[in-house]
Amino acid sequence: MSAPAPEGFSPVGAPARQATFREVFAVREFRPLFGTFLLSTAGDELARVALTVLVYQRTSSPLLSAMTFAIGHLPWLLGGPVLSALADRLPRHRVLIAADVTRAVLLGLMAIPGTPLPVLLGLLFLVSLCAPPFESARSALMADVLDGDRYAVATSLTNITLQLAQVVGFLAAGLLVTALSPSAALLIDGATFAVSALWLARGLRRRPAPTSEAGGGRRSLWQDTGDGLRLIARSPRLLAIMGVLWVATAFAYASEGVAAPLVEELGHGTSAIGVLLAANPLGVTIGGLVIARLVAPDRRERLVVPLVVLSLAPILAAGLIAVLAEPSNLAFWLVVGLLFVSGLGASWLIPLNVSFVQAVPSAYRGRAFGVAVSGLYGVQAIGALGAGLGAEGVSASGVLALSGGLGLIAVAPALIAYRRTRGHMAADGAAEGPSTP
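Letter by letter, the sequence shown follows residues 6 to 442 of the working numbering.
This is the structure we're talking about:
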């Protein structure tokens, strides 16, 4: 599961009025932020498939091919909080532009035919190093350019974009890589980052570094990182939000790692794996639209707890059906339908994003985001590993049921803490209101 960044917020005391997609796109600086996100996401989907094909063509090794995906997560896991601090130390528009220019150059080098495999993987790691500062800066900057309910609508739109990319991205990428060479696909990805850098340079207003506005003085990157971690550690509200995010995500998506044996248990072939995996993101897409357009802003935060339950309970039910029912079309489609309902519940991410950024002072948003996403990648890896290990001892359907049941138990303390800390903010000051676009 790709989880979108926490971004934007509705300032305290703002009228609880629902915004429209048209109002969001009317904000001049949102258009390049969203457009470049969509452009880069499409390019990255193409590059992932291209790299997998390229590595496999050269080595015939499934393990080395899979490593191309793992390398993309390493910078978040190894240094996400540190690299994300750059989004608070430097002007955020400069961080975005510099990261995109760097990625465009590196991908251009990767596209050179005959590049040795170790060099190719090393360049991929350098490309991935640009993700934490870029995503942290983009996410924090959204809070500066959107106000009121426009934030929640923008978050929903971003989430929908990610989910649709999961549903159709790999299929389209596979067709393109078949028609083009992997090197050409990498060159296209590099071009998307070059266009993104130009668009951001022309479309974003110049703002000073948040830490300079806060009077932070000349401090080391490690000191700024430590300040961000201490802010989170002493904020019950942020700890509760991250607890809900990490625990619910770990259990809700752990079973994706056993999709192939699960489909086999249900009496279907490998062609049905895509249908099973697409059910959840399709539900997330529709749930995000419902939250953004049909639920009043002042009601969304209260829906986090029931939505988290709705995201996990159907997984438990789907697992029990898969365990108890005979392999059949009916059992398969019941499981698919329940995973779709789980996706509807996963729209809890939108109001949780609002709560996250409301609780973080502006000068700390980049670092707080880095910690949240680094932990998210970590729990996703642990969840997938746990599901795989569990499937060695019990059936894949049993893993599915355990993921839902244990998830409901494990997330309960975080949900209770989330409700108890409603309205609290981090100790270093209230979240600042957005700048006028």
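Ideal Cβ placement from N, Cα and C applies to all residues, glycine included. If you're wondering where the values come from, they're calculated on a predicted model, not measured in any experiment.
{"Query": "Under 8 Å between the Cβ atoms of HIS273 and LEU205?", "Result": "no"}
{"Query": "Measuring only the C-alpha atoms, how far is SER400 from ALA253?", "Result": "22 Å"}
{"Query": "For ARG427, count neighbouring Cβ atoms within 10 angstroms of its own Cβ and tell me buried if that reaches 16, exposed if not.", "Result": "exposed"}
{"Query": "If contact is defined by three or more beta carbon pairs under 8 Å, each pair taking one atom from either stretch, is the segment 408 to 418 in contact with the segment 289 to 300?", "Result": "no"}
{"Query": "With TYR258 as the anchor, note down where its alpha helix (DSSP H) starts and where it stops.", "Result": "241 to 258"}
{"Query": "Rounded C-beta distance between VAL110 and PHE139? I'm assuming under 8 Å.", "Result": "Contact doesn't hold; Cβ gap of about 14 Å is too wide."}
{"Query": "So, helix, strand or coil for ASP152, using DSSP?", "Result": "coil"}
{"Query": "Below 8 Å on the Cβ atoms is my guess for LEU89 versus SER141; work out the distance and round it to an integer in Å.", "Result": "It should be noted that the sequence gives Ser, not Leu, for residue 89. About 4 Å separates the two Cβ atoms, so the contact holds."}
{"Query": "With a threshold of 7 Å on Cβ separation, who are the neighbours of PHE30 within its own chain once the five nearest residues in sequence on each side are excluded?", "Result": "ARG36"}
{"Query": "Span of the alpha helix (DSSP H) holding TRP204?", "Result": "187 to 208"}
{"Query": "Does the beta-carbon of PRO311 have 16 or more other beta-carbons within 10 angstroms, so that it is buried, or is it exposed?", "Result": "exposed"}
{"Query": "Per the contact definition of three or more C-beta pairs closer than 8 Å, is the segment 235 to 254 in contact with the segment 362 to 382?", "Result": "yes"}
{"Query": "Is THR166 helix, strand or coil by DSSP?", "Result": "helix"}
{"Query": "Could you check whether LEU411 and GLY1 sit closer than 8 Å to each other, using their CB atoms as the reference points?", "Result": "No statement about residue 1 is possible, as the shown extent of the chain runs from 6 to 442 and does not include it."}
{"Query": "For a quick check, are the C-beta atoms of GLU34 and VAL200 less than 8 Å apart?", "Result": "no"}
{"Query": "Which same chain residues, not among the five before or five after ILE278, have their C-beta less than 7 Å away from its C-beta?", "Result": "ALA264, ALA265, VAL268"}
{"Query": "Verify whether the separation of the beta carbon atoms of GLY391 and ALA259 is less than 8 Å.", "Result": "yes"}
{"Query": "List the endpoints of the continuous alpha helix (DSSP H) containing VAL340.", "Result": "334 to 350"}
{"Query": "Taking three-plus beta-carbon pairs below 8 Å as touching, is the segment 350 to 359 in contact with the segment 112 to 124?", "Result": "no"}
{"Query": "Under the rule that 16 or more other beta-carbon atoms within 10 Å means buried, what is THR25, buried or exposed?", "Result": "exposed"}
{"Query": "Could you tell me whether the segment 294 to 303 touches the segment 153 to 164, where touching means 3 or more Cβ pairs closer than 8 Å?", "Result": "yes"}
{"Query": "Report the residue from PHE256, PHE42, LEU128, LEU56 whose alpha carbon sits nearest the alpha carbon of SER316.", "Result": "PHE256"}
{"Query": "Consult DSSP for SER65 and reduce its assignment to one of helix, strand or coil.", "Result": "coil"}
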